[in-house]
């Protein structure tokens, strides 16, 4: 079993379901991305460069979808969280129902334009 698969399967619910859903949406929408296990979390790469990661935070009850070049994004700033980070901005999801697919794809499409 790949390390990324083991990591995902070892997550408690609802984090496992959220991560699996986000992976399915991201993989199905952007063919140029590859999923790897880096920095202890599932990390998508575009042209061998970090694109975004999925980090479950069980203590704070959300999955953090961090976008590596998030600071360069111009749109959707009202929904992106920087939380004292200089380069990464993220979307946070505490349930499957909280995922707004239009916003998610809008943010990721803009991020892809940076690669």
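In UniProt numbering, the protein residues as written are 1 to 115.
The beta carbon of each residue, even a glycine, is placed where N, CA and C say it ideally should be.
The structure presented is a predicted model; accordingly, all values stated were derived computationally and were not measured.
Query                                                                                    : Result
Beta-carbon gap between residue 90 and residue 67 smaller than 8 Å                       : yes
For residue 28, three-class secondary structure by DSSP                                  : helix
Neighbour-count burial assignment, residue 3, 16 or more Cβ in a 10 Å radius             : exposed
Beta-carbon spacing of residue 29, residue 35 below 8 Å                                  : no
Cβ-Cβ distance between residue 51 and residue 33 below 8 Å                               : yes
8 Å contact criterion, which residue 107 and residue 76 should meet: CB distance rounded : 5 Å
Residue from 85, 73, 12 with nearest C-alpha to residue 114                              : 73
Span of the beta strand (DSSP E) around residue 67                                       : 62-67
For residue 86 and residue 98, the rounded distance between their alpha carbons          : 26 Å
Per-residue DSSP class, three states only, for residue 90                                : strand
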